[in-house]
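Comments concern the structure below.
There are 2 protein chains.
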Amino acid sequence: MIIDCHGHYTTAPKPLQEFRDKQIAGLKDPSYVPSKGTINITDDQIRESLESAQLKFQRERGSDVTIFSPRASVMGHHIGNETTSRHWTEHCNDLIFRVCSLYPENFVPVCQLPQSPGVAPTNSMAELQRCVNELGFIGCNLNPDPSGGNWTAPPLTDKYWYPFYEKMIELDVPAMIHVSATCNPNFHTTGSHYINADTTAFMQFITSDLFKDFPTIRFIIPHGGGAAPYHWGRYRGLAQDLKRPPLDEMMRNNVFFDTCVYHQAGIDLLFKVVPLDNILFGSEMVGAVRGIDPTTGHYYDDTKRYVDKIPLSDSDKRKIYEDNARKVYPRINKRLPRKA
Amino acid sequence: MIIDCHGHYTTAPKPLQEFRDKQIAGLKDPSYVPSKGTINITDDQIRESLESAQLKFQRERGSDVTIFSPRASVMGHHIGNETTSRHWTEHCNDLIFRVCSLYPENFVPVCQLPQSPGVAPTNSMAELQRCVNELGFIGCNLNPDPSGGNWTAPPLTDKYWYPFYEKMIELDVPAMIHVSATCNPNFHTTGSHYINADTTAFMQFITSDLFKDFPTIRFIIPHGGGAAPYHWGRYRGLAQDLKRPPLDEMMRNNVFFDTCVYHQAGIDLLFKVVPLDNILFGSEMVGAVRGIDPTTGHYYDDTKRYVDKIPLSDSDKRKIYEDNARKVYPRINKRLPRKA
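Okay, here's the thing in structure tokens:
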């Protein structure tokens, strides 16, 4: 089985965005009373939005199932306040639940959190619990910078986040560290803000004892671990100078990279330096880069092609495509039992 | 000749830091009257600080000359105000001038700028001019985030920076994009802030017409271009989706990466994807990573070892080690004529 650990519902039917547009417009209207309201999307609209995109690509590229969450760039935690974020998040998660109920073989749900700048992560625990316990979600996306590029929250290694981590452990779900759009003009959402956040989180992990405090917590750093593999020597050397554990020891049971790196040389490097046990297949399709690479004739984000070119034993290949994902997201095992 | 384009005076004699400590302490003292004052450092102290460090490593590793600037992490543009920054910067640059006068064969000077949060870059023009015209400096380090990790300045592609760029062009000097220490606890200065800034600048360049406005301006993005080479497919794809010029066309005469990547696999990737004409040899020794890699027995930042392993023709090797640096920093040619 080939599990793609990183997919967002980037092609959601229009009424979702229409709700969001109205919600955002309301923030400027003094007479607007925030309410969750309803969004009318039919099952057929959901089917249509996926059949021509994610499902088509799953079939064409040969993956079986995608760990699927709301579109990351429009989580927009910096927009409005906690209530804005809660209403929007619940709608987005409810829609993911419907996707995964319609296509239980193809999509497994991961939730967005109702984060908001200055609001403690404890306030996201109820939604995580609802999604996991009531809707069968297997993980969450955690935004280390709900301010959208101003980086006003404490580092992920700060005790500020600890109650939320305790809830993750109680529910046995991992978090993918994933920022949303940026409102800071210095950054480009998918071009620099995403990658910077990955790099930032990795360095935070290097310098802290978080995994002593939470030996079983699991984080996925997406986009191939940001800049970390390219600068592996730098990070190995910094860890050494700072008298911190070696990188593979630090990562072992706690930190995982996906394969969302959109060219062969990058994937080659990833597999050369990062332990195989810490790499999960992912593509983030249909996502940041939608074009076809003229030098290969294939989609940039068809990452399976690059991974397939890495010489791996059958059991190592199975780790990357299936076993590591089952280890990091154990709740997937109930939804999709291992095939004989 | 082997030119290392990226070295900072990280081993400056103690009186420099003592001045800085007093200056910073003064910021909290209402009775303190800021003044530039003097710093007493003897020529022997300068010699001693270099003979056991940068000069020793030049000899041992086989490089000839280092393009040398004040220590980046203590530029500290976010500390105090414009006057604080001006006094500190002048001292740092004066000291670099002395280094390069004592060792004209080994060091060529690049200046720090008296940037300060919220202060227009026009206010840095006088110091750039003083350094270039009076002291023979050949370039500058430009901080895209004088706030130290809060990213409050406009992007490098904003017209805010244009008068400074005009001055750079008038003086025919390039800028290395280099942040300083961060005061934002999310970031680690050399582990994430530096690399994030590199990645951020690269994406800003992709999305703007800066090089149409300034066809002859030259920027060095240090640390191997941040995350860019590892995510080359992502950046190629984003440029394509955004209908921007291809990366090598965008970079051609304007954007250059150094080789401050501290492991073989990273350097291999850099040379695989980035045009040779846009790579300058650099090590940033004695810098962010000071240890010896136990897997190789050599210093992590001995980047010449990695570059020497790349199969290159003699003329390509000369580009990386000398010609590209002479092209990007043309004022070096007067100080160090090409050897016959």
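Going down the list, the sequences are from chains A and B. Okay, so the first sequence: first residue is -17 according to the numbering used here, each after it adds one. Okay, so the second sequence: first residue is -17 according to the numbering used here, each after it adds one. C-beta: ideal position from N, C-alpha, C; glycine also. All values reported here derive from a predicted model rather than from experimental measurement.
{"Check": "Got a sec? Which residues, its chain only, sit under 6 Å from F196(A) by beta carbon, not counting five neighbours each side?", "Outcome": "Y147"}
{"Check": "Report back the beta-carbon spacing between I203(B) and D180(B) to the nearest angstrom; my notes put them in contact at under 8 Å.", "Outcome": "5 Å"}
{"Check": "What does DSSP give as the partner residue(s) for L262(B) in the beta ladder?", "Outcome": "D240(B)"}
{"Check": "Could you check the C-alpha separation between I252(A) and P167(B) for me, to the nearest Å?", "Outcome": "One detail in the question is off: residue 252(A) reads as Leu in this sequence, not Ile. Approximately 28 Å between the Cα atoms of the pair."}
{"Check": "Which partner residues of H69(A) appear in the DSSP bridge assignment?", "Outcome": "DSSP, once it has assigned bridges, lists no residue as partnering H69(A)."}
{"Check": "Could you spell out the range, first to last residue, of the beta strand (DSSP E) harbouring S51(B)?", "Outcome": "V47 to P52"}
{"Check": "Run through the DSSP bridge pairs and tell me what F201(B) is partnered with.", "Outcome": "A157(B) and V237(B)"}
{"Check": "Quick check: what's the CA-CA separation for N88(A) versus T172(B)?", "Outcome": "42 Å"}
{"Check": "Just tell me which of S13(A), N63(A), L138(A) and N123(A) has its CA closest to the CA of V101(A).", "Outcome": "N63(A)"}
{"Check": "Could you confirm whether any beta carbon from chain A is found closer than 9 Å to the beta carbon of M185(B)?", "Outcome": "yes"}
{"Check": "Suppose contacts are defined by Cβ-Cβ distances below 9 Å. Is F119(A) in contact with V81(A) by that definition?", "Outcome": "no"}
{"Check": "For H245(B), write down the residues that DSSP places opposite it in a beta bridge.", "Outcome": "Answer by DSSP bridge pairing: none, since H245(B) is not bridged."}
{"Check": "Would you please state the rounded distance, in angstroms, between the beta carbons of S297(A) and T182(B)? I believe it to be under 8 Å.", "Outcome": "Not confirmed; about 40 Å, so no contact."}
{"Check": "Does the structure place the stretch 6 to 16 of chain B close enough to the stretch 64 to 72 of chain B that three or more beta carbon pairs sit under 8 Å?", "Outcome": "yes"}
{"Check": "Report the residues of the stretch 153 to 183 of chain A with a CB closer than 8 Å to any CB of chain B, ordered along the chain.", "Outcome": "N166, P167, N168, F169, H170, T172, G173, S174, I177, N178, T181 and T182"}
{"Check": "Could you work out which residues of chain A lie near Y142(B), taking near to mean beta carbons separated by less than 7 Å?", "Outcome": "Within 7 Å Cβ-Cβ: nothing; Y142(B) doesn't reach chain A, min ~11 Å."}
{"Check": "Are the CB atoms of C93(A) and N105(A) nearer to each other than 9 Å?", "Outcome": "no"}
{"Check": "Please report the straight-line C-alpha distance between V114(A) and D191(B), rounded to a whole angstrom.", "Outcome": "47 Å"}
{"Check": "If you reduce the DSSP assignment to three classes, tell me which class V90(B) lands in.", "Outcome": "strand"}
{"Check": "So which residues of chain B does Q222(A) contact, with C-beta pairs closer than 9 Å?", "Outcome": "V271, G273, I274, D275, P276 and Y282"}
{"Check": "If you count every other CB in all the chains shown that lies within 10 Å of the CB of A108(A), and 16 or more means buried, which is it?", "Outcome": "exposed"}
{"Check": "With distance defined between alpha-carbon atoms, name the residue in I302(A), I159(A), G131(A) and Q(-1)(A) nearest to L95(A).", "Outcome": "I159(A)"}
{"Check": "Give the secondary structure of I177(B) by DSSP, where H, G and I count as helix, E and B as strand, and everything else as coil.", "Outcome": "helix"}
{"Check": "Looking at chain B, which residues of the stretch 227 to 243 of chain A have a Cβ within less than 7 Å of any of its Cβ atoms?", "Outcome": "V243"}
{"Check": "Taking only beta-carbon positions, decide if H59(A) is within less than 9 Å of chain B.", "Outcome": "no"}
{"Check": "So V255(A) contacts chain B; which residues on that side make the cut at Cβ distance below 9 Å?", "Outcome": "H245, A247 and G248"}
{"Check": "State yes or no: is the C-beta of Y85(A) within less than 9 Å of the C-beta of G219(B)?", "Outcome": "no"}
{"Check": "What distance in whole Å lies between the Cβ atoms of V310(A) and F263(A), which are believed to be in contact at a cut-off of 8 Å?", "Outcome": "The pair is not a contact, with the Cβ atoms about 11 Å apart (cut-off 8 Å)."}
{"Check": "At 9 Å on the CB atoms, spell out the chain A contacts of I188(B), in chain order.", "Outcome": "H170 and G173"}
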